[in-house]
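To start, the structure itself, in structure tokens.
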Amino acid sequence: MRVTLYPDLHYLTREHIPLWTVSVLVLAVLIVPFALLILLAPFLSRVCNLTRIKPLLDEFQSCFRDSFRWYLALYCFAWLALCWMLVFNEYDYMQMLLVFLVVSHVMTSPYQLRWLNIADNLLLTDLTILSSLFQQQNL
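Quick note on numbering: this note's numbering labels position 134 of the sequence shown as 233, and the sequence is numbered without any gaps.
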């Protein structure tokens with residue numbers, strides 16, 4: 100396997116391992132715990148006091164309706180899954196995940212403002228169509 104951005108660089112060789120280590124550390128230390136915190140915040144607030152990080156959570160989740168504040172965590176996990184699928188060329192699963200995101204977003208309309216729902220629907224639909232065109236080109 101080769102790195103997508105640098106086709107002459109083989110995956111997990113001596114030159115690639117430092118870059119891979121840094122990217123895995125960033126994902127493991129910053130993004131995954133943040134997504135878990137957002138997802139588990141309603142349950143954690145019953146067990147422990149979250150007043151110190153409440154402004155941070157409110158800043159990232161204020162655009163969502165109160166019953167859909169968990170939707171940001173869905174986006175974080177979907178982004179991680181999409182990155183994983185791109186690395187391993189799993190375009191079929193990537194297409195299914197994008198269709199799931201579009202359908203779930205259309206059915207739930209998680210944002211408070213209507214124009215945010217419409218804009219996100221258009222962007223997700225565009226991403227789904229472009230990825231299917233890319234997949235058709237590679238067949």
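Cβ atoms here follow ideal geometry from the backbone N, Cα and C, with glycine treated the same way.
In this text, all values refer to a predicted model and were calculated from it rather than measured experimentally.
Kindly indicate which three-state DSSP category histidine 115 falls into: helix, strand or coil?
In the displayed model, histidine 115 falls within coil according to three-state DSSP, outside both helix and strand.
Can you tell me whether tyrosine 210 is helix, strand or coil according to DSSP?
Shown here, tyrosine 210 sits in a strand according to DSSP, grouped into three states.
Determine, using beta carbons only, whether asparagine 220 and valine 198 come nearer to each other than 8 Å.
Going by C-beta atoms, asparagine 220 is not nearer than 8 Å to valine 198.
So, do the segment 168–177 and the segment 126–137 have three or more beta carbon pairs nearer to each other than 8 Å?
Judged by pairs of C-beta atoms under 8 Å, the segment 168–177 touches the segment 126–137, as three or more such pairs exist.
Rounded to the nearest angstrom, how far is the Cβ of phenylalanine 163 from that of isoleucine 137, given a contact under 8 Å?
Not quite, the Cβ-Cβ distance comes to about 10 Å (not below 8 Å), so this is no contact.
Taking buried to mean at least 16 other C-beta atoms within 10 Å of its own C-beta, is arginine 151 buried or exposed?
Burial check for arginine 151: the Cβ neighbour count within 10 Å stays below 16, so the residue is exposed.
Which residue wins for smallest C-alpha separation from tyrosine 110, given the options Leu232, Leu223, Arg213 and Phe187?
Scanning Leu232, Leu223, Arg213 and Phe187 for the CA closest to the CA of tyrosine 110 turns up Phe187.
Between leucine 181 and methionine 195, is the Cβ-Cβ spacing less than 8 Å?
Not a contact, by the Cβ cut-off of 8 Å.
Could you check whether phenylalanine 176 and proline 209 sit closer than 8 Å to each other, using their CB atoms as the reference points?
Against a cut-off of 8 Å, the Cβ pair of phenylalanine 176 and proline 209 comes out as no contact.
Looking at the unbroken alpha helix (DSSP H) that takes in cysteine 175, where does it start and where does it end?
From DSSP, the alpha helix (DSSP H) with cysteine 175 extends over 170–186.
Euclidean distance between Cα positions of alanine 218 and valine 201
Straight-line Cα distance between these residues: approximately 12 Å.
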